[in-house]
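The next block holds one structure in the form of structure tokens; read it before the comments.
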Amino acid sequence: MALSKTSTKAEAGRYGVLIVLSIYCLMPFVWLLVAAFDTNAGLFLETPDSVSLNNFYRVFAEEDGLRWLINSLIVCGGATLIVMLLSGFGGYALSRTNAWWKRPFLYSIILIRVIPPPALIVPLYQVMLALNNGMRWLVLQVVPREHMRDVMQIVGFIDGYLGLILLLATMHLPLALWIMKTYFDSVSPEYEEAAVMDGATFGQRLRRVLLPLAMPGLAASGLFAFIACWDDFLVPLTFVSSPELRMLPIGIFSAFLRANEIDYGLLAAIAIVYTAPAIIAFVLARRFLVQTFGGGLKG
Amino acid sequence: MLVLPSAILLFAFVLYPSGVAIYTSMTNLSLTGPAALNPRFIGFDNYTKLFSDHTFWRSLVITFWFVLFSAIIGQLVLGLLSAILLKRQFALRPFFNAIILMPNAVPGVVAALMWSSMLASGEYGTLNKIVAWFGVDPQRWLVTFPLSMIIVVNIWRGIGFAMILMNSGLSAISEELYEAARMDGATTWQAFRKITLPLLVPTIFLYLLVSTVTTIAIFALIYALTRGGPAGATEIVGIYIYNQSFGSYQLGYGSAIAVVLLIFSLIIGTFYVRALKVEV
Amino acid sequence: MGTIVLNQVRKSFGGHEVIKGADIRIEDGQFAVFVGPSGCGKSTLLRMIAGLEDISGGEFLLDGKVMNDVSPEQRNIAMVFQSYALYPHMTVAENIGFSLDLKKTPKAEIKRRVGEIAERLQLTPYLNRKPSALSGGQRQRVAIGRAIIKEPSVILFDEPLSNLDAALRVQMRAELQELHRSTGATIIYVTHDQVEAMTLADQIVVLKDGQVMQTNDPIGLYKEPENTFVAQFIGSPKMNLFPAKVESVAGDVVRIRTDAGWPIDLPAIEGLRAGPVQLGIRPESLTLAAPHEPAEIETRTVLSERLGMETYISFETGGEPGIARVPGDHSLPSGTPIRLAVDPSACHIFDNDGRAIRSQSA
Ligand SMILES: Nc1ncnc2c1ncn2[C@@H]1O[C@H](COP(=O)(O)OP(=O)(O)O)[C@@H](O)[C@H]1O
Ligand SMILES: [Mg+2]
Chain E
1 MALSKTSTKA EAGRYGVLIV LSIYCLMPFV WLLVAAFDTN AGLFLETPDS VSLNNFYRVF
61 AEEDGLRWLI NSLIVCGGAT LIVMLLSGFG GYALSRTNAW WKRPFLYSII LIRVIPPPAL
121 IVPLYQVMLA LNNGMRWLVL QVVPREHMRD VMQIVGFIDG YLGLILLLAT MHLPLALWIM
181 KTYFDSVSPE YEEAAVMDGA TFGQRLRRVL LPLAMPGLAA SGLFAFIACW DDFLVPLTFV
241 SSPELRMLPI GIFSAFLRAN EIDYGLLAAI AIVYTAPAII AFVLARRFLV QTFGGGLKG
Chain G
300 MLVLPSAILL FAFVLYPSGV AIYTSMTNLS LTGPAALNPR FIGFDNYTKL FSDHTFWRSL
360 VITFWFVLFS AIIGQLVLGL LSAILLKRQF ALRPFFNAII LMPNAVPGVV AALMWSSMLA
420 SGEYGTLNKI VAWFGVDPQR WLVTFPLSMI IVVNIWRGIG FAMILMNSGL SAISEELYEA
480 ARMDGATTWQ AFRKITLPLL VPTIFLYLLV STVTTIAIFA LIYALTRGGP AGATEIVGIY
540 IYNQSFGSYQ LGYGSAIAVV LLIFSLIIGT FYVRALKVEV
Chain D
580 MGTIVLNQVR KSFGGHEVIK GADIRIEDGQ FAVFVGPSGC GKSTLLRMIA GLEDISGGEF
640 LLDGKVMNDV SPEQRNIAMV FQSYALYPHM TVAENIGFSL DLKKTPKAEI KRRVGEIAER
700 LQLTPYLNRK PSALSGGQRQ RVAIGRAIIK EPSVILFDEP LSNLDAALRV QMRAELQELH
760 RSTGATIIYV THDQVEAMTL ADQIVVLKDG QVMQTNDPIG LYKEPENTFV AQFIGSPKMN
820 LFPAKVESVA GDVVRIRTDA GWPIDLPAIE GLRAGPVQLG IRPESLTLAA PHEPAEIETR
880 TVLSERLGME TYISFETGGE PGIARVPGDH SLPSGTPIRL AVDPSACHIF DNDGRAIRSQ
940 SA
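Residue numbers (my numbering), protein chains in the order written: chain E, 1 to 299; chain G, 300 to 579; chain D, 580 to 941.
Take a look at the structure:
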């Protein structure tokens with residue numbers, strides 16, 4: 001009797017604490033969701049006079065929302081692909097080799113992971129500027145001057161896709177390398193040997209045995225890289241100034257800074273467009289989170 | 300061979316820039332003015348200036364409080380609490396789990412946007428409406444308590460991550476230990492103190508290293524919410540570097556701060572490598 | 580055809596020599612077992628035969644042809660791995676048929692042959708399952724199916740039963756023998772378990788530290804170990820070794836006296852001279868002597884383990900530990916005085932370097 005009484009009390013306590021925590025966690029979302037569908041939203045949480053998809057329509061039709069989204073997808077998608085490719089091969093090599101550079105390389109990876117990006121942003125700016133000038137010179141050799149601007153937008157390092165992609169890929173490569181190294185450690189070399197005995201050529205082993213075996217690891221490293229790139233704000237803030245290359249986070253930030261009246265409904269709608277892929281990726285990555293924590297740092 | 304492309308990228312965008320940072324920190328390089336074109340080598344002048352610059356020290360102190368209260372205390376305590384509350388299977392468990400994880404998935408800029416509405420001044424601000432129920436007058440949250448507020452926001456964003464890790468740490472503790480403790484007559488609180496906490500120490504330690512590193516690196520959330528203001532009150536060191544370099548155009552001086560931060564991070568990193576006892 | 584010859588085969592890993600000149604001959608169709616303690620180089624030897632490791636020195640011949648530089652898939656050798664290495668992303672049928680698929684064999688042909696193999700290995704109901712949904716014994720059979728579908732002349736097994744429980748192991752041993760009979764392939768089987776080696780092999784190769792200690796059929800190894808290592812490795816509990824001296828050689832009888840003081844008379848052995856030796860006695864060659872019967876060893880029990888149908892009696896004689904394995908159940912608490920008789924015809928003599936001293940006729 002006494003026992004059941006205390007346990008109901010404990011049960012009530014459990015729910016009480018959880019509900020308070022949930023309110024803390026959920027409350028900020030409410031305004032965003034309401035404002036995005038409110039035709040006439042403000043900074044304050046209020047019941048909308050009229051509900052519509054008008055804000056979303058305007059993000060894509062009146063503003064450059066579509067371009068921002070596409071830019072974000074190109075840059076983050078490109079960086080993610082590069083990360084998956086490099087970490088796949090690199091992780092494989094790091095796991096299977098016993099060469100002298102293995103240990104120093106792995107230590108460096110961890111040390112690199114702990115460097116806060118703001119600490120490197122100034123020298124990175126100098127490096128990217130130099131690379132950009134180099135690339136400009138290179139492009140000038142082969143491309144007529146009138147196409148210069150368009151080409152640099154693709155291969156430039158400042159205000160160019162290539163620079164953004166390479167930089168973001170590099171920033172998130174260490175974690176991915178670590179994930180893949182650890183992952184391949186758990187894939188017995190006997191699989192490849194079995195394939196050799198079955199008569200598979202190098203290409204067949206790669207495509208039909210190693211790649212399928214590496215899939216979960218690649219998915220994890222790709223997802224983490226994508227989430228981190230998508231969330232990144234500092235890189236597009238520093239290295240993008242032309243409106244054609246503007247990405248979603250900066251789109252939001254600049255809409256927020258607009259001197260005359262801020263259009264909160266529009267802002268909330270962009271934010272939702274921006275957040276949705278992040279949440280999807282997060283849900284997919286959720287089950288890898290714990291394993292990854294042991295080695296790399298938070299994704 | 301297969302790692303070569305990775306090594307080249309890491310060299311070009313991490314190691315080489317680190318070297319550049321050290322060099323730049325010894326020049327008077329600036330984004331504007333004569334020093335933009337012809338930076339002069341000035342040795343350790345920037346560092347001397349730095350250590351007598353009270354805004355730098357203030358930014359270090361702010362960083363310290365920010366990390367201490369948001370990552371080390373707030374996220375850890377609430378994350379551990381939720382992990383414990385959600386340890387047992389019950390009907391609404393996945394539901395609460397998802398809710399607590401949700402803020403973790405939100406990009407920093409969006410989090411800043413959401414909270415600028417939450418913390419809006421005036422009697423219609425969401426938080427002001429909430430505190431009004433308790434009879435508190437409307438506040439200008441981001442002006443009066445800026446640091447506390449970004450701490451609250453960052454805790455909000457990090458509980459989920461702490462919870463996941465604590466959860467994995469907890470589930471590694473055998474249920475039989477608790478049964479043995481019950482046989483020995485331990486109360487719930489004693490079991491927590493004498494069994495859960497000691498066995499969770501490695502997880503907590505690793506979590507602290509990870510979250511310290513990631514919290515120092517936070518940029519978007521604070522920059523979008525306050526840009527380090529008002530009057531530098533939320534200028535953690537990363538933001539300070541950015542403002543000095545691209546706001547005040549002092550690249551050389553900004554680099555000197557960056558080098559200090561770099562060295563500090565590497566010290567934490569070394570602890571981290573030790574803690575992991577990297578089995579390679 | 581699958582006659583295997585290794586001539587002075589060596590293997591080094593970065594200056595560290597792991598196989599130190601192995602000479603082995605395995606006739607076509609034999610079931611050969613490499614046995615030895617873990618780390619002695621069994622797997623390395625097997626993997627060199629498979630072609631997964633380079634051969635650092637010496638020759639490997641298959642049916643008289645040097646295979647050192649022939650790539651694994653052209654050796655017509657199949658291998659069953661310790662972890663089975665079943666591809667987790669493929670079904671049982673795809674796993675078994677993988678090697679045919681790689682050779683672009685027509686789908687229908689693959690299906691037919693996979694079906695046959697599955698029938699033989701009782702895997703038909705599981706063909707569409709993934710390996711993760713199979714029991715240990717079933718996985719083992721899939722691994723075997725994947726090996727035999729290539730109709731290899733040689734099949735290699737690396738400790739294939741070590742992941743199975745005891746009962747399943749006995750069953751799989753029988754299945755492996757049946758497989759050997761039905762395929763007629765040469766089998767080389769690696770294990771550290773001497774019981775497995777004894778029960779399966781036509782020919783056993785005992786390895787230690789990268790060297791072949793002895794090659795013989797199981798009973799030959801048991802009866803005529805060439806050195807103390809083989810003597811103690813084969814048989815359980817292991818052979819007792821007592822330091823002793825040859826006291827006298829008189830006609831066709833040698834008298835040997837152990838350092839513990841008791842003598843024993845053995846049939847004469849050529850080349851045996853007076854001097855220190857080691858006397859080897861298998862635990863099962865010791866019997867409990869009745870009070871009126873003669874007995875060589877008089878001592879007290881240290882420990883007796885009663886298994887019901889037999890009893891293991893540990894004792895000490897002259898400071899050396901010994902063990903006897905006697906039939907029937909005996910209750911002998913620690914410290915009970917016992918008398919043990921030795922069967923002189925089952926004694927082994929080794930010189931001080933551990934080499935057996937034995938008549939050529941024996
Ligand atoms: N790839 C390798 N590199 C270095 N040493 C190895 C390698 N493979 C095996 N060895 C060493 O060779 C010895 C024999 O190994 P192995 O053939 O696996 O033994 P067994 O199978 O008899 O247990 C061991 O000492 C092992 O450490
Ligand atoms: Mg082995």
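Glycine included, every Cβ here is placed at the ideal spot set by N, Cα and C.
Around ligand 1, the residues selected by a Cβ distance under 5 Å to any of its heavy atoms are F592(D), V597(D), S617(D), G618(D), C619(D), G620(D), K621(D), S622(D), T623(D), following chain order. Near chain E, meaning a CB-to-CB distance below 9 Å, no residue of the segment 338 to 349 of chain G qualifies. Distances from the CB of E632(D) to the heavy atoms of ligand 2 are all 7 Å or more. Each residue's CA atom was taken as its position, placing G90(E) and M171(E) some 15 Å apart.
Short note on D838(D): C-beta not closer than 7 Å to any heavy atom of ligand 2. Contact between S554(G) and V122(E) holds: CB atoms are separated by about 5 Å, below the 8 Å threshold.
Pairing L665(D) with A722(D), the inter-Cα distance amounts to about 7 Å.
Not a single heavy atom of ligand 2 lies less than 7 Å from the C-beta of E805(D).
Counting the other CB atoms within 10 Å of its CB gives E11(E) a total below 16, which places it among the exposed residues. Proximity of V209(E) to chain D, defined by a Cβ-Cβ separation below 8 Å, is satisfied. Counting C-beta pairs with one atom in each stretch, the segment 844 to 852 of chain D and the segment 873 to 893 of chain D have fewer than three that are closer than 8 Å, which means they do not touch. In the assembly as shown, E193(E) is a buried residue. Its beta-carbon has 16 or more other beta-carbons within 10 Å. For the pair of segments examined, the segment 710 to 729 of chain D was found to touch the segment 686 to 700 of chain D: the number of CB pairs separated by less than 8 Å reaches three. Looking at S470(G), S420(G), L377(G), the one whose alpha-carbon comes closest to that of V17(E) is L377(G).
Counting along the chain, no beta strand (DSSP E) covers A397(G); the unbroken alpha helix (DSSP H) around it starts and ends at 392 to 404. Annotation note: the segment 862 to 934 of chain D contains the following uninterrupted beta strand (DSSP E) runs of length 3 or greater, listed N- to C-terminal: 865 to 867, 876 to 885, 889 to 896, 899 to 906, 916 to 921, 926 to 929. Secondary structure note for R836(D): its beta strand (DSSP E) is the uninterrupted segment 832 to 837. Remark: C-beta atoms of I361(G) and T533(G) approach each other more closely than 8 Å.
When Cβ-Cβ separations below 8 Å define contact, V196(E) makes contact with chain D. A distance criterion of 7 Å places the beta-carbon of D772(D) beyond contact range of ligand 2, judged by its closest non-hydrogen atom. Distances from the CB of E738(D) to the heavy atoms of ligand 2 include at least one below 7 Å.
For F592(D), the number of other beta carbons within 10 angstroms of its own is below 16, and it is reported as exposed.
In this structure, T794(D) lies near I603(D), with their beta-carbon atoms less than 8 Å apart. Per DSSP, V302(G) is not a residue of any beta strand (DSSP E), being assigned neither H nor E. Inclusion of A629(D) and E805(D) in the CB contact set at 8 Å is not warranted, their separation being larger than that value. Around the beta carbon of K621(D), 16 or more other beta carbons lie within 10 angstroms, which makes this residue buried. Secondary structure in the segment 745 to 785 of chain D: the beta strand (DSSP E) runs of 3 residues or longer, each lying completely within the stretch, are 765 to 770 in chain order.
Of the other Cβ atoms in all chains shown, fewer than 16 fall within 10 Å of the Cβ of S241(E); this residue is therefore exposed.
Within chain D, the C-beta atoms nearer than 7 Å to that of G199(E) come from E652, S678, L681, K682, in chain order. Here DSSP, grouped into helix, strand and coil, assigns F660(D) to coil. At a beta-carbon threshold of 7 Å, the residues of chain E lying near P402(G) are C25, ordered along the chain.
For L213(E), the nearest beta carbon of chain D is closer than 8 Å to its own beta carbon.
For P739(D), the closest of G618(D), T770(D), T623(D), T778(D) by C-alpha to C-alpha distance is T770(D).
Secondary structure remark: continuous alpha helix (DSSP H) runs of at least 4 residues inside the segment 472 to 504 of chain G, in chain order: 474 to 482, 487 to 490. Counting the other Cβ atoms within 10 Å of the Cβ of F340(G) gives fewer than 16, which makes it exposed.
Taken in chain order, the unbroken stretches of beta strand (DSSP E) that lie wholly in the segment 631 to 689 of chain D and span 3 residues or more are 636 to 641, 656 to 659.
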